[in-house]
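For reference, the structure is listed below as structure tokens.
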Amino acid sequence: MELIERPRRLRSSAILRAMVRETSIAPASLILPVFIREGLTTPKPVAGMPGVFQHTKDSYKAEIDRALDVGIGGVMVFGIPEKRDPFGSEALNLEGVLSTAIRDARARAGDELVIVADLCLDEFTSHGHCGVLDQNGNVENDATLKIYSEMAKVLAQSGAHMVGTSGMMDGQVGVVRQSLDSIGRSDVLILAYAAKFASAFYGPFRDAVESQLQGNRNTYQQDPGNIKESMREVRLDVSQGADIVMVKPALAYLDVLYAVSQAVDVPTASYIVSGEMAMIEAAAAQGSLERERAILEVLGSVKRAGASVICTYWAIEAAAMLKRNLA
Ligand code: PBG
């Protein structure tokens, strides 16, 4: 047998493998989600997510400093308020937990980190839904849009470079774009959670934000079985002014991520969500896999599937690993 093609030749040394590697991860492409809890005096660990905390004002600032030091691209800030109501009013409070946290991050980081603010009501509503409810308890789309439009202004005024529209209301990107432009803030970017699925993998996050949700989000988040629907959501968001489109979760939806990244000419992002992280951490903790290798492999898979931007709770650690040249 005469073998002309021998793929193994390209794998014969570390430097050769590094030379021909098709994907690599830059720390600047990573965004770290951060939780800050109003009124907290000591940081509180989030179950299932080693290294992830509900932060106090001080420990939050320290986390921002670590993000700056290691050179990741950005932070995505989630605020957990002391008081909630059916309308999520605290989301519009310029002195509230989220606005204050955005201001603090911006004061520390300037333009050295992209400060992304979550634009959604679920942390702020007493019923835990991403929008307001009608008399029958259904999430009311257009009434919610009015609040999102105000929230966008508040977040921009607080210093957010980018808002993450994560509520899955129809028309949210268009309304937020218009609202920002109307106050002269055409500079603020929109990270559109375009294809966000009604996923079981958000479990630990809901603990992290002390979600009040009973039931589910199936009337607004996407059905896990669909991909055409994702393409539609993405088309709508791009047409309404999305600067970046996101697919979320990441690992269970790499096919969707790939299809989206091939179809659009804006950058694509993906979010390795809390449950996806918890799954790997749990397996590593029981000795079933090598933790650091698994993390880098998973990040690589998301990159390879087409994500320019990756939201991950491992952002700081991964950036440090990349610097140590573990990849
Ligand atoms: C909703 C929101 C969710 C996440 C981020 N923003 C999900 C939800 O509760 O439906 C989940 C992120 C994660 O699980 O890491 N605003």
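In the numbering used here, the protein residues as written are 1179 to 1505.
Built from N, CA and C at the ideal position, the CB exists for glycine as well.
In this chain, SER1327 is not harboured by any beta strand (DSSP E); it is covered by the alpha helix (DSSP H) spanning 1319-1336. Per the coordinates, the alpha-carbon of TYR1238 lies some 36 Å from the alpha-carbon of ARG1199.
Distances taken from the Cβ of TYR1431 to the heavy atoms of ligand 1 include none shorter than 8 Å.
The Cβ neighbour count for PRO1223, taken over all protein chains shown within 10 Å, is under 16; the residue is labelled exposed. DSSP lists no beta-bridge partner residue for THR1234. PRO1427 carries a coil assignment under DSSP once its states are collapsed to helix, strand and coil. DSSP, read as helix, strand or coil, puts ILE1450 in coil. For ALA1373, DSSP records a beta bridge to VAL1425. In this structure, ALA1287 lies away from ALA1334, with their beta-carbon atoms at least 9 Å apart.
Shown in chain order are the residues whose CB sits closer than 5 Å to a heavy atom of ligand 1: CYS1298, ASP1300, SER1344, TYR1380, PHE1383, VAL1451 and SER1452. In the DSSP assignment, LYS1501 forms no beta bridge with any residue. The beta carbons of ALA1437 and ILE1488 sit no closer together than 9 Å. Relative to the Cα of TRP1492, the nearest Cα in the group PRO1221, LEU1194, LYS1374 and MET1254 belongs to MET1254. Cβ contact annotation for ILE1293 (same chain, cutoff 8 Å, sequence separation greater than five): GLY1252, VAL1253, VAL1255, ILE1280, ALA1283, ARG1284, ALA1287, GLY1337, ALA1338, HIS1339 and MET1340, in chain order.
At a Cβ-Cβ threshold of 9 Å, THR1490 and PRO1211 count as neighbours.
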